[in-house]
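I have placed the structure first, in the form of structure tokens, so that the comments after it can refer back to it.
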Amino acid sequence: MEAAVTRNRSFRDFLIYLYRAARAIVLGHAVTLKHLFRRPVTIRYPEEEYHATPWHRTYPALVIDEATRELKCTACMSCERACPPGIIAIERAQGEDKKTYPGEFWIDMLRCMECGICVEVCPFDALEMVPEYKMTAYHPDDGIFDKERLAVVVRGPKTPWPRRKGSYLEGGWPT
Amino acid sequence: MPAWLVTLGWAVLKASLILGFVLFNALFLVWWERKFAARIQSRVGPQRTGRPFGYLQSMADVFKLLSKEDVVPARVDRWMYVLAPIVIFVPAVLVYVVVPFGPNLIVQDLNIGILYVAAVTSFTMIAIVMAGWAANNKYSVVSAMRAAAQLVAYEVPLVLAVIGPVMLAGTLSLQGIVRAQEGLWYIVVQPLGFLVFLTAGMAELNRAPFDLSEAESELVAGYNIEYSGMRWSFFFLAEFSNLVAVSAIATTLFLGGWQAPWFLPAAVKGLIPPVVWFLAKTYFLVTVIMWIRWTLPRVRIDQLLDFGWKFLLPVSLANIALTGLLFPVLVRLGWI
Ligand code: SF4
Ligand code: SF4
Numbered sequence: 049m050e051a052a053v054t055r056n057r058s059f060r061d062f063l064i065y066l067y068r069a070a071r072a073i074v075l076g077h078a079v080t081l082k083h084l085f086r087r088p089v090t091i092r093y094p095e096e097e098y099h100a101t102p103w104h105r106t107y108p109a110l111v112i113d114e115a116t117r118e119l120k121c122t123a124c125m126s127c128e129r130a131c132p133p134g135i136i137a138i139e140r141a142q143g144e145d146k147k148t149y150p151g152e153f154w155i156d157m158l159r160c161m162e163c164g165i166c167v168e169v170c171p172f173d174a175l176e177m178v179p180e181y182k183m184t185a186y187h188p189d190d191g192i193f194d195k196e197r198l199a200v201v202v203r204g205p206k207t208p209w210p211r212r213k214g215s216y217l218e219g220g221w222p223t
Numbered sequence: 004m005p006a007w008l009v010t011l012g013w014a015v016l017k018a019s020l021i022l023g024f025v026l027f028n029a030l031f032l033v034w035w036e037r038k039f040a041a042r043i044q045s046r047v048g049p050q051r052t053g054r055p056f057g058y059l060q061s062m063a064d065v066f067k068l069l070s071k072e073d074v075v076p077a078r079v080d081r082w083m084y085v086l087a088p089i090v091i092f093v094p095a096v097l098v099y100v101v102v103p104f105g106p107n108l109i110v111q112d113l114n115i116g117i118l119y120v121a122a123v124t125s126f127t128m129i130a131i132v133m134a135g136w137a138a139n140n141k142y143s144v145v146s147a148m149r150a151a152a153q154l155v156a157y158e159v160p161l162v163l164a165v166i167g168p169v170m171l172a173g174t175l176s177l178q179g180i181v182r183a184q185e186g187l188w189y190i191v192v193q194p195l196g197f198l199v200f201l202t203a204g205m206a207e208l209n210r211a212p213f214d215l216s217e218a219e220s221e222l223v224a225g226y227n228i229e230y231s232g233m234r235w236s237f238f239f240l241a242e243f244s245n246l247v248a249v250s251a252i253a254t255t256l257f258l259g260g261w262q263a264p265w266f267l268p269a270a271v272k273g274l275i276p277p278v279v280w281f282l283a284k285t286y287f288l289v290t291v292i293m294w295i296r297w298t299l300p301r302v303r304i305d306q307l308l309d310f311g312w313k314f315l316l317p318v319s320l321a322n323i324a325l326t327g328l329l330f331p332v333l334v335r336l337g338w339i
């Protein structure tokens, strides 16, 4: 029924319809014209840098305790079990004081899907997603990050997400 | 030298000039459209092939196309499959025969010029149906059928829109129409005709928002789906060549062709050669068509045919009637 009604439009309805269509078309072109003279948002990566925010979550890294200068990880293997693609490999080692620590710790970054589940399950807050994003490698073997590559100092408590001002497009974040 | 040799020499020279113009256009416009589309979408477009601005991007495309394997799928209708790219390319070049680039820069000023354009461009449809049918592919047949329905629906308003300027100028020759616009461009007295011509022209070009026959998201690619390499690039060349041709014809009919704007003083008019005016106007229209393409979404097939038959056709007929009624008034005012 509905279709039949719209088909039998009066001439006045038709004119209103025509006006609306013309208005929409003109406004649409105004929008695209405005965008034409805007600065592109593209960041030309090797030449220009993307300034990731401190709370940007790229890949999981091992946290170094700032007080003791040692890894917080106790090699409890929770993350190894929880990782959906199963790409974390840990070799547990034991010190003289019977405390366990990861002798080796690998994450296959080529297959990591950056889900952050390992970070969530870690009972010791020993894993953290870091803002580092330059992960390119020339050889597949370099894509498997070992303990040294994964260890980072995570600085201080993270500030909350800022509302509007100072987005990375307008000059970037403090590094 | 015998006369026939001179004629032959001129013919070859003119033909190669036009072919060169068509090829250069395709190279330039591919790059230009990419840049233009990119900026509309707040991107930068090609930039690494040839710094700055990626001006070698089209050359890279050419080498890519040339080095591609020329696949002829099994069970295609071989003759038609091979002929279709040629059939689509030839009329795209033939149109330029009557396009007046300047007062003396025209291959042949036919006295039925605009009729010739309408006749030659209709061949495109045959080529599209050939390609779509020969490829033995469901999508390409659907695409060819759509293209046929669309071209028939829009050929009529296109030709009717042309009648306005023809009535005002009193001649079918394109050069004659340009000369008649010395005092006033016809877009001022034929705004409706211009809009109808541009809309129907875009539909003839199968360009968005009327690109139903090459709707990538619905039909994979359209009638050229099975083509690859050089054969495919002939379709591509024809498309860009037609884009320039429609803009050039619109410039000739409505924007005064190679004439400088009528309101400029004679001293200023003499500064810029006519061919520059012509090319500037043509590329301006090309850019406008690209702008429309990157703004409006694709229409549905029923909307498309509704729009063609129920809106453009009456409007173009009304335009002819209006032109006829206003003709004595315009003559009295001394505008034409
Ligand atoms: S982020 Fe996800 S995929 Fe990557 S290591 Fe942690 S749990 Fe595995
Ligand atoms: S869950 Fe935490 S503490 Fe346990 S092995 Fe993984 S990183 Fe180490």
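Those sequence lines, one after another, are chains W and U. If you read the first sequence in the working numbering, its first letter stands for residue 49, the second for the next number, and so on. If you read the second sequence in the working numbering, its first letter stands for residue 4, the second for the next number, and so on. Beta carbons: idealized from backbone N, C-alpha and C, even for Gly.
Inset, instruction - May I have the straight-line CA-CA distance separating Ala321 of chain U from Leu84 of chain W, to the nearest angstrom? - result: Here the alpha carbon of Ala321 of chain U sits roughly 36 Å from the alpha carbon of Leu84 of chain W.
Legend entry - Near ligand 2: Leu175 of chain W beta-carbon under 7 Å from a heavy atom: The answer is yes for Leu175 of chain W.
Legend entry - Pair within 8 Å by beta-carbon distance, Gly105 of chain U and Trp265 of chain U: Gly105 of chain U is not a Cβ neighbour of Trp265 of chain U, given a cutoff of 8 Å.
Legend entry - Minimum length 4: unbroken alpha helix (DSSP H) runs contained in the stretch 161-193 of chain W: If we require 4 residues or more, the alpha helix (DSSP H) runs fully inside the stretch 161-193 of chain W come out as 165-169.
Inset, instruction - Below 8 Å between beta carbons is the criterion; list the residues of the stretch 46-67 of chain U that meet it against any residue of chain W, in chain order. - result: So the close ones are Arg46, Val47, Gln50.
Legend entry - DSSP three-state assignment for Pro331 of chain U, whether helix, strand or coil: Here Pro331 of chain U sits in helix by DSSP.
Legend entry - DSSP beta-bridge partners of Glu229 of chain U: Beta-bridge annotation (DSSP): Glu229 of chain U is not paired with any residue.
Legend entry - Proximity test, Ile138 of chain W beta-carbon vs ligand 2 heavy atom, cut-off 7 Å: Ile138 of chain W Cβ: within cutoff of ligand 2.
Inset, instruction - Output the distance between the C-alpha atoms of Ala52 of chain W and Gly134 of chain W, rounded to the nearest integer angstrom. - result: Note that Ala52 of chain W scores 46 on pLDDT, short of 50, meaning its location in the model is unreliable and no value can be drawn from it.
Inset, instruction - Spell out the partners DSSP gives Arg42 of chain U in its beta bridges. - result: Partner(s): none; Arg42 of chain U has no beta bridge.
Legend entry - Integer Cβ distance of Val145 of chain U from Leu222 of chain U, believed to fall under 8 Å: Confirmed, about 6 Å.
Legend entry - Cβ-Cβ distance between Phe213 of chain U and Leu32 of chain U below 8 Å: In this structure, Phe213 of chain U sits away from Leu32 of chain U, with a CB-CB distance that is not shorter than 8 Å.
Inset, instruction - Determine the DSSP secondary structure at Glu144 of chain W, reduced to helix, strand or coil. - result: In the structure shown, the three-state DSSP call for Glu144 of chain W is coil.
Inset, instruction - Evaluate the contact criterion for the stretch 123-134 of chain W versus the stretch 161-168 of chain W: three or more CB pairs, one atom per stretch, below 8 Å. - result: Contact holds: three or more Cβ-Cβ distances are below 8 Å.
Inset, instruction - State yes or no: is the C-beta of Ala123 of chain W nearer than 7 Å to some heavy atom of ligand 2? - result: Yes, the beta carbon of Ala123 of chain W sits closer than 7 Å to at least one heavy atom of ligand 2.
Inset, instruction - Spatial neighbours of Arg296 of chain U within its chain, please: CB distance less than 7 Å, with the 5 preceding and 5 following residues excluded, ordered by chain position. - result: Answer for Arg296 of chain U: Arg210, Ala211, listed in chain order.
Inset, instruction - Helix, strand or coil for Phe104 of chain U, going by three-state DSSP, please let me know. - result: Phe104 of chain U sits in coil when the DSSP states are folded into three classes, being neither helix nor strand.
Legend entry - Residues bridged to Trp154 of chain W (per DSSP): Beta-bridge pairing by DSSP links Trp154 of chain W to W:Ala137.
Inset, instruction - Report yes if the CB atom of Leu316 of chain U is closer than 8 Å to the CB atom of Pro160 of chain U, and no otherwise. - result: Yes, the Cβ-Cβ distance between Leu316 of chain U and Pro160 of chain U is below 8 Å.
Legend entry - Span of the beta strand (DSSP E) around Tyr107 of chain W: Tyr107 of chain W -> beta strand (DSSP E) spans 107-113.
Legend entry - Proximity test, Cβ basis, 8 Å: Leu63 of chain W and chain U: Between Leu63 of chain W and chain U, the shortest Cβ-Cβ separation is not below 8 Å.
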